[in-house]
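Novice: Numbering (the working numbering), first residue to last: 8 to 466. Using N, Cα and C, we set each Cβ at its ideal position, and we do this for glycine too.
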Ligand SMILES: NC(=O)c1ccc[n+]([C@@H]2O[C@H](COP(=O)([O-])OP(=O)(O)OC[C@H]3O[C@@H](n4cnc5c(N)ncnc54)[C@H](O)[C@@H]3O)[C@@H](O)[C@H]2O)c1
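1) Does ligand 1 have a heavy atom nearer than 7 Å to the CB of residue 117?
2) Inspect the beta-carbon positions of residue 216 and residue 190 and report whether they are closer than 8 Å.
3) What's the call for residue 280, buried or exposed, on a 16-neighbour Cβ count within 10 Å?
4) Contact check, residue 287 vs residue 365 under 8 Å by CB: the rounded distance?
5) Between which two residues does the beta strand (DSSP E) holding residue 25 run?
6) Hey, could you find the ends of the alpha helix (DSSP H) residue 35 is sitting in?
7) I'd like the span of the alpha helix (DSSP H) that includes residue 198, first residue to last.
8) When you measure from the CB of residue 92 to every non-hydrogen atom of ligand 1, does any distance come out below 7 Å?
9) Would you report the Cα separation of residue 181 and residue 437, rounded to the nearest angstrom?
10) So, with DSSP's three-state summary, where would you put residue 189?
11) Using a threshold of 7 Å, is the CB atom of residue 247 nearer than that to any non-hydrogen atom of ligand 1?
12) Pop quiz: residue 358 and residue 381 are said to be a contact at Cβ under 8 Å. What is the actual Cβ separation, rounded to whole angstroms?
13) Beta strand (DSSP E) containing residue 86: first to last residue?
14) So, with DSSP's three-state summary, where would you put residue 455?
15) What are the boundary residues of the alpha helix (DSSP H) that includes residue 369?
16) Would you mind sorting residue 322 into buried or exposed? The rule is 16 or more other CB atoms within 10 Å of its CB.
17) Could you check if residue 310 is buried or exposed, using at least 16 other CB atoms within 10 Å of its CB as the buried criterion?
18) Are the segment 404-422 and the segment 341-358 in contact at 8 Å, needing three or more beta carbon pairs?
19) To which residues of the same chain is residue 52 closer than 7 Å at the C-beta, ignoring the five residues directly before and after it?
20) Between residue 35 and residue 69, how many whole angstroms is the CB-CB distance? I'm expecting something under 8 Å.
21) Excluding the 5 residues preceding and the 5 following residue 427 in the sequence, name in chain order all residues of the same chain whose CB lies nearer than 7 Å to its CB.
22) Should residue 315 and residue 371 be called a contact, given that it needs their Cβ atoms to be closer than 8 Å?
23) Please determine if the segment 92-109 and the segment 61-77 are in contact, where contact requires at least 3 C-beta pairs separated by less than 8 Å.
24) Can you round the beta-carbon distance between residue 137 and residue 170 to whole angstroms, since I take them to be within the 8 Å contact cut?
25) Among residues of its own chain, excluding the 5 on either side of residue 214, which ones have a beta-carbon nearer than 6 Å to its beta-carbon?
26) Whole angstroms is fine: what's the gap from residue 362's alpha carbon to residue 283's?
27) Would you mind reading off the limits of the alpha helix (DSSP H) that contains residue 235?
28) Leaving out five residues before and five after residue 454 in sequence, what residues of the same chain have Cβ atoms less than 6 Å from its Cβ?
29) So the candidates are 54, 131, 150 and 168; which of them puts its Cα closest to the Cα of residue 160?
See the structure below:
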């Protein structure tokens with residue numbers, strides 16, 4: 008790449024990039040690159056995604072069909088499944104999943120497969136940049152050997168390798184992908200220079216760090232920080248619940264301190280492909296150094312217990328309503344409480360159920376005898392093992408038929424007033440009913456309002 012001082016590779020006009028993996032991370036990045044004038048080869052193994060893109064249809068809530076039409080119409084977006092396209096690009100960016108195995112250890116199989124496919128196409132002067140979240144050491148210990156073996160070339164000499172964590176926050180309209188400072192690193196000094204020069208063409212702020220390990224660790228620290236703090240605040244919600252103190256008011260009060268306090272808010276448990284997953288990558292790697300990350304272990308365990316806590320509260324509220332003469336459950340023929348969940352996405356305004364607490368909560372409620380239905384405007388269908396569930400329409404009749412409506416996700420479009428008006432009992436885990444907290448049948452997680460009489464302060 009002439010601009011970065013390589014004699015072996017000339018820059019093409021327009022510059023060409025291959026984005027491998029067109030999901031929540033890869034697709035917005037590909038569109039940004041097109042906006043910045045790049046020719047983009049988008050490569051994904053999922054043929055359905057490629058077909059949708061070719062038909063100008065988006066599959067992400069943050070990206071609309073017009074964004075895809077514009078990109079396709081530019082003539083510079085080439086989605087496909089064929090890795091040969093990677094050989095055409097100067098910059099190849101990997102955005103493939105990094106989930107957990109069934110044993111809660113890092114599953115790098117997607118990354119390894121993608122690296123093998125890229126390695127087969129690699130030519131002199133190209134740079135391969137990993138953006139997937141992963142443990143410190145992955146770029147050097149996993150990606151580099153595969154690329155070198157498949158290509159027969161040397162990293163840092165014949166081709167370049169970088170690591171730049173993706174920090175996108177799906178659903179966040181304020182900080183879109185181009186607004187977020189980009190951490191950039193290279194395997195060698197030269198690799199870092201090449202990576203930095205590329206990203207400076209695309210992002211407003213590029214922050215160069217000294218090694219891939221620093222950048223890998225920085226990303227994992229960001230997400231571990233959120234796991235630990237949100238889990239703490241969930242524990243606080245359970246404490247406040249028993250003490251009859253409204254945790255939401257407590258957090259807002261504490262947040263008036265202009266320094267030294269960052270507000271985090273409770274919920275039914277943390278989900279998504281990042282926050283519950285990335286810290287376990289660090290935990291796994293730390294074990295190789297003989298260190299147990301106790302913060303991560305504790306936070307993980309507490310987070311996993313949240314759906315159980317929510318279920319306990321729901322049954323407690325149902326029981327209380329029954330004993331207080333409002334015999335919701337007994338009235339019905341089956342005797343099974345009908346529970347309607349609003350929202351199964353792991354957070355607001357996304358269509359993502361990966362690691363969502365709803366997926367753990369549903370079987371817990373069912374095993375305790377409840378009939379469960381859900382409504383989520385973003386998710387038409389979920390699969391729980393053999394069981395397939397479909398989103399129901401949130402009609403007044405559906406709300407009236409439910410013995411308890413549990414608000415799990417605070418999608419912007421949630422019809423809070425209607426839910427409160429039509430439902431017999433509402434349990435809100437997101438504080439969306441705060442403005443109507445006086446309503447007798449509305450309970451918020453951690454508000455202390457529906458606390459068990461048995462567990463009130465011992466005298
Ligand atoms: N989703 C987020 O909010 C977010 C934010 C920051 C970082 N990340 C990280 O970014 C990475 C990607 O996450 P995502 O949410 O975009 O995942 P995703 O599942 O939405 O997208 C990944 C895409 O990669 C494709 N893919 C899998 N194997 C492939 C292969 N061998 N070749 C080509 N394509 C392949 C999949 O079909 C899928 O479309 C993960 O490491 C994640 O931790 C995600």
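Specialist: If we stick to the structure as given:
1) Indeed, a heavy atom of ligand 1 lies less than 7 Å from the Cβ.
2) Against a cut-off of 8 Å, the Cβ pair of residue 190 and residue 216 comes out as a contact.
3) Buried.
4) Residue 287 to residue 365, Cβ: 20 Å. No contact.
5) Unbroken beta strand (DSSP E) run through residue 25: 23-27.
6) Where residue 35 is concerned, the enclosing alpha helix (DSSP H) stretches over 33-42.
7) If you look at residue 198, you'll find it in the alpha helix (DSSP H) that goes 196-207.
8) Not so, every heavy atom of ligand 1 lies at least 7 Å from the Cβ.
9) Spanning the two alpha carbons is a distance of roughly 21 Å.
10) DSSP places residue 189 in the strand class (E or B) of the three-state scheme.
11) For residue 247, the shortest C-beta to heavy atom distance toward ligand 1 is 7 Å or greater.
12) The Cβ separation is near 14 Å, so there is no contact.
13) 84-87 is the extent of the beta strand (DSSP E) around residue 86.
14) Assignment of residue 455 by DSSP, reduced to helix, strand and coil, places it in the coil class.
15) Looking at the DSSP string, the run of the alpha helix (DSSP H) that includes residue 369 is 364-374.
16) Label assigned to residue 322: buried.
17) Buried, by the Cβ-count rule.
18) Verdict: yes, contact present.
19) Answer for residue 52: 88, listed in chain order.
20) The beta-carbon distance between residue 35 and residue 69, rounded to whole angstroms, is 7 Å. This is short enough to meet the 8 Å contact definition.
21) Same-chain partners within the cutoff: 433, 440, 443, 446 and 449.
22) At a Cβ-Cβ threshold of 8 Å, residue 315 and residue 371 count as neighbours.
23) Contact between the segment 92-109 and the segment 61-77 is absent, because fewer than three Cβ pairs lie under 8 Å.
24) Confirmed, about 5 Å.
25) Result list for residue 214: 188 and 190, in chain order.
26) Each residue's Cα considered, the two are about 7 Å apart.
27) That run of the alpha helix (DSSP H) goes 219-250.
28) 253.
29) Relative to the Cα of residue 160, the nearest Cα in the group 54, 131, 150 and 168 belongs to 131.
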